[in-house]
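In our numbering, the protein residues as written are 32 to 512.
Where a beta carbon is used, it is the ideal one built from N, C-alpha and C, also for glycine.
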């Protein structure tokens, strides 16, 4: 049996090499171990081969070959997924997009760009800096994550509170279907008649098609910013401030929260000047026309003070603003100073439920003896509790998984969701029957089967197996506390 498998893999590698050249295929165990997981390190499986296409046509040919040889396949960008979205369940071929990395067109008059799936998110904004435009979705990993991955998971980021998530900025895609057919959906116009198939692919986590190019909306830079750091001695006060700001009709460009544990890690890493004795800080940014921004910043400051804010600092210049955002966006990297391993969760709750949710997380931390840090997109209720542990300790792994389960169950109970931007991947499949009825899931499976009838594309992702056999577990929604 082992000899037969080795022969099949050898044949697969040979055929892939014929398609993309010898420098475009990895197949040795030492090389493949890099691709056995992504940012979610608790699930691992080694692929049989990794292939690096340079064009949509090569992706098409790779997909057709995998179908011919009955081999599963899935796309991968930078591997920053935090839900196991690029884990090669069942082995097979990982189609790695790092060589499809060109910005093909920039059209400022019509405000769009056409980019390949392997383009790093931040590259678009850097390309546009001198022209006064940017690409609005800005995940914390935007210096590494790719547009293809952003499309797959419908990524968000701090500034999507005001500007919208990835689906609001993708006008069209070029994609390879599971059978190797190349399709073009949408385009550089504001609205295309018919069904929104572009919107259908955004957030489908690579289970319906492989996106190779995207036409993305470009956004003009605001005329001015006011960036505030509000310091609190109580997490409840900080979270109540969040709801009051939005309730007052103010929609900041960004509204982020960091707790004491994150503040400590970030301050050790970057030395920005965060107060180490604070329980929480809010990073609040308002932007727009210069006229009126000071008044809006003053309104936000007044709300903070009404909620017992200890101090409100304002970034004095662009350099200080950039340093503050660097500290926030690289907070996850700074966690390495606190723990050898960590697991980042991605739940959503109503904003008014944030005080309860943070208290609940604190209780989970005490229950399982697992330190949990919090840094998250507070303005839209998208929490990111970070569970600190040592992956080498099986008991700690067990407790982390139980703690994660409890946190996500509570998000559902409060009327929220188990993901805001990281996706379901392999990590959260078992929660899907808690969010959706069997009929809902059956419709999703029927849609997936229409696009991906053999199941070879991204197997084992997003939807649980045996949908029709699931018992009714959808609990209904309960009012926030």
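Take the Cβ of residue i as the centre, count every other Cβ of all protein chains shown within 10 Å, and call the residue buried at 16 or more, exposed below.
| i | result |
| --- | --- |
| residue 405 | buried |
| residue 157 | exposed |
| residue 33 | exposed |
| residue 135 | exposed |
| residue 504 | Model confidence at residue 504 stands at a pLDDT of 42, short of 50, so the residue's coordinates are unreliable and nothing is read from them. |
| residue 41 | exposed |
| residue 499 | Only weak support exists for where residue 499 lies, its pLDDT of 43 falling under 50; the coordinates are left without a value. |
| residue 90 | buried |
| residue 212 | exposed |
| residue 190 | buried |
| residue 477 | exposed |
| residue 506 | For residue 506, the pLDDT reaches just 43, beneath the cut-off of 50, and the residue's location in the model is therefore unreliable, leaving the point undetermined. |
| residue 287 | buried |
| residue 435 | buried |
| residue 292 | buried |
| residue 226 | exposed |
| residue 49 | exposed |
| residue 101 | exposed |
| residue 360 | buried |
| residue 148 | buried |
| residue 290 | buried |
| residue 502 | With a pLDDT of 38 at residue 502, under the threshold of 50, the modelled position of this residue cannot be trusted; read the value that follows with caution. With fewer than 16 other Cβ atoms within 10 Å, it is exposed. |
| residue 274 | buried |
| residue 51 | buried |
| residue 86 | exposed |
| residue 461 | exposed |
| residue 508 | At residue 508, the pLDDT of 38 sits below 50, so the modelled position is not reliable and the matter cannot be decided from this model. |
| residue 326 | exposed |
| residue 57 | buried |
| residue 197 | buried |
| residue 36 | exposed |
Please confirm whether residue i has its beta-carbon closer than 8 Å to some beta-carbon of chain B.
| i | result |
| --- | --- |
| residue 264 | As a matter of chain content, chain B is missing from the structure shown, which is built from one protein chain. |
For the alpha helix (DSSP H) containing residue i, list its first residue and its last residue.
| i | result |
| --- | --- |
| residue 89 | 87 to 100 |
| residue 386 | 385 to 399 |
| residue 61 | 60 to 63 |
| residue 255 | Counting along the chain, residue 255 falls outside any alpha helix (DSSP H), though it belongs to the beta strand (DSSP E) covering 255 to 263. |
| residue 41 | 33 to 51 |
| residue 469 | 469 to 482 |
| residue 363 | 362 to 365 |
| residue 131 | Note, residue 131: premise wrong, no alpha helix (DSSP H); not H, not E. |
| residue 464 | 463 to 466 |
Residue i and residue j look like a contact to me (Cβ under 8 Å); what is the Cβ gap, rounded to whole Å?
| i | j | result |
| --- | --- | --- |
| residue 475 | residue 441 | Rounded, the Cβ-Cβ distance is 24 Å, inconsistent with contact. |
| residue 186 | residue 452 | 5 Å |
| residue 417 | residue 403 | 7 Å |
| residue 179 | residue 106 | 6 Å |
| residue 242 | residue 206 | 5 Å |
| residue 373 | residue 445 | Going by Cβ atoms, the distance from residue 373 to residue 445 rounds to 24 Å, so no, they are not a contact pair. |
| residue 305 | residue 314 | Not really, about 10 Å apart at Cβ, beyond 8 Å. |
| residue 71 | residue 112 | 7 Å |
| residue 146 | residue 64 | With 8 Å as the limit, residue 146 and residue 64 do not qualify as a contact, their Cβ atoms being about 30 Å apart. |
| residue 192 | residue 173 | Not really, about 15 Å apart at Cβ, beyond 8 Å. |
| residue 236 | residue 456 | 7 Å |
| residue 155 | residue 166 | 4 Å |
Over the uninterrupted beta strand (DSSP E) stretch that includes residue i, give me the two end residues.
| i | result |
| --- | --- |
| residue 404 | 403 to 407 |
| residue 442 | Here residue 442 belongs to no beta strand (DSSP E); instead the alpha helix (DSSP H) covers 425 to 444. |
| residue 342 | 342 to 345 |
| residue 80 | 80 to 82 |
| residue 275 | Taken as a continuous stretch (DSSP letters only), residue 275 belongs to no beta strand (DSSP E), being part of the alpha helix (DSSP H) at 266 to 278. |
| residue 105 | 104 to 107 |
| residue 416 | 416 to 420 |
| residue 143 | 143 to 147 |
| residue 527 | Residue 527 falls outside the range modelled here, since the chain spans only 32 to 512, and no answer is possible. |
I want to check one thing, is the minimum distance from the CB of residue i to the heavy atoms of the ligand SAM below 7 Å?
| i | result |
| --- | --- |
| residue 275 | Among the components of this structure there are no ligands whatsoever, and the ligand SAM is therefore not found. |
* Is there contact here, the region 472 to 492 with the region 405 to 418, by at least three beta-carbon pairs under 8 Å? -> no
* **Segments assigned beta strand (DSSP E), at least 3 residues, entirely inside the region 155 to 239** => 201 to 208, 213 to 217
* On the three-pair Cβ rule with 8 Å, is the region 487 to 494 touching the region 110 to 129? -> yes
* To do: Would you mind listing the beta strand (DSSP E) stretches within the region 289 to 325 that are 3+ residues and don't spill past its ends, in chain order?
  => 311 to 319
* **Cβ contact (3+ pairs, closer than 8 Å) linking the region 43 to 60 and the region 79 to 95** => yes
* the region 267 to 287 / the region 222 to 233 touching (three or more Cβ pairs under 8 Å) -> no
* Flag this pair as touching only if the region 303 to 323 and the region 258 to 268 have three or more C-beta atom pairs under 8 Å; answer yes or no. => yes
* Asked: Does the region 146 to 160 touch the region 242 to 255, meaning 3 or more C-beta pairs lie closer than 8 Å?
  -> yes
* So, do the region 383 to 399 and the region 348 to 365 have three or more beta carbon pairs nearer to each other than 8 Å? -> no
* To do: Could you tell me whether the region 458 to 472 touches the region 212 to 223, using the rule of 3 or more Cβ pairs below 8 Å?
  => no
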